[in-house]
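Written out below as structure tokens is the structure these notes cover.
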Amino acid sequence: MNWTWFHRLASPPHFYRIAGQLLPWFAIPAALLLLAGIYGGLVLAPPDYQQGDAYRIIYIHAPSAWLSLLCYTVMATAAFVGLVWRIKLAHAVAAATAPIGASFTALALATGSLWGRPMWGTWWEWDARLTSELILLFLYLGYMALRSAFDDLTRADRASALLAVVGVVNVPIIHFSVYWWNSLHQGTTVFKAQPSIPPSMLLPLLMCLLGSTLLYGALLCVRVRAEVLERERQASWLAGLVK
Amino acid sequence: MSDVGRFLAMGGYARFVWPAYALWAAVIAGNVWGAWRALDRARTRALRRLAARAHDAPDRSSS
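Chains as they are written, first to last, in the numbering used here: chain A, 74 to 316; chain B, 272 to 334.
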């Protein structure tokens, strides 16, 4: 198999340029999909027969929870690649993903709490899904704290990558927690053979999920470019690219 | 109650739904602002380093 494309992509100057070119292709569809999805979810979708209008929190809660898992998986994979193949760009991707993932994990917890209060009668429960999601937030915060604890970037990359890789075990635990333990949290609603919600509710949710994923792509493009500029301090190629 | 009033009331769940959406908007705005700020600062620092290097280069060659 020819890996030339991979080595070319892993080159910081090349990735910096590519990320700049990809940005509008992520950002514009993300904005359109999120606006349409939120409008559909808040205005067009009918109220739920059991939860009334409170269920509309799903249009921001589910995408936030999805991003919290996606970001961690990307972060841990990039950290693993950086550890094993010593690719600096992989560490830059992991470092750029952490603040995005942490913010969406906190958002998933907060919006879940706002949904849980009227539905379950409590803001918080030490339930398997909620607790494992809270652990995910601590893993993100630990990763960022560990990075900032080192002055030497190489040591910071390696130590934080180890934490990210070890912590990935929490991702399947979060996903399967509703099946492995008795949980207040509902099971899978969308990604199964027969989704549990009708198309009028499902379509805006899918738009929000896709829009959020593209938004993550756009944010990652910008943050990785910043990471590359900080890391390639002495590189002569910067002169031609920094405009 | 008007249509807008009914919409804003969210079937009696307004105090849960709207704060959730406000938080979502704040997190999106914070992420966009934070990412651009990080890039802007990295660019400024890179330009400063390049300018300092260009300034130092003739000194080194003359000494």
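Using N, Cα and C, we set each Cβ at its ideal position, and we do this for glycine too.
Across the segment 276–288 of chain B, CB contacts with chain A closer than 8 Å involve F278, M281, G282, G283, Y284, F287 and V288, in sequence order along the chain. Against chain A, the CB of B/W295 has a partner CB under 8 Å away; the residue lies at that interface. Of the candidates A/Q123, A/T170 and A/L279, A/T170 places its Cα closest to the Cα of A/V297. Nearest CB-CB separation between B/R320 and chain A: below the 8 Å threshold.
Chain B has a Cβ within less than 8 Å of the Cβ of A/S176. Taking all protein chains shown into account, A/H164 has 16 or more neighbouring C-beta atoms within 10 Å of its C-beta and is therefore buried. With the criterion set as a beta carbon lying under 7 Å from some beta carbon of chain B, the members of the segment 190–202 of chain A are R190 and P191, in sequence order. Non-local beta-carbon contacts of A/P102 in its own chain, meaning distances under 6 Å to residues more than five positions away in sequence, involve L287 in chain order. Around the beta carbon of A/S233, a 10 Å sphere encloses 16 or more other beta carbons of the protein chains shown; the residue is thus reported as buried. A contact between stretches requires three or more CB pairs, one per stretch, nearer than 8 Å, and the segment 207–216 of chain A meets this requirement with the segment 171–179 of chain A.
Take the alpha-carbon of B/A313 and the one of A/M217: they are about 18 Å apart. Here A/L209 really is in contact with A/Y145; their C-beta atoms are around 6 Å apart, less than 8 Å. Under the 8 Å criterion on CB atoms, A/E303 is classed as interfacial with respect to chain B. Taking 8 Å as the CB threshold, B/A300 stays off the interface with chain A. Any Cβ of chain B closer than 8 Å to the Cβ of A/D126 would place that residue at the interface, and such an atom is present. In the three-state reduction of the DSSP assignment, A/G194 falls in the coil class.
Nearest Cα to B/L310 within the set A/P271, A/A291 and A/S84: A/A291. A/T227 has its alpha-carbon roughly 21 Å from the corresponding atom of A/W310. Rounded to whole angstroms, A/A152 and B/F278 show a C-alpha spacing of 46 Å.
A direct Cα-to-Cα measurement between A/N75 and A/V239 gives close to 30 Å. A/G113 has no beta-bridge partner at all, per DSSP. Secondary structure note for A/W310: it is in no alpha helix (DSSP H), with a DSSP letter that is neither H nor E.
For A/W139, the uninterrupted alpha helix (DSSP H) run begins and ends at I131 to W158, by DSSP.
If you ignore the 5 residues before and after A/I246, its C-beta comes within less than 7 Å of the C-beta of S205, all in its own chain and listed in chain order.
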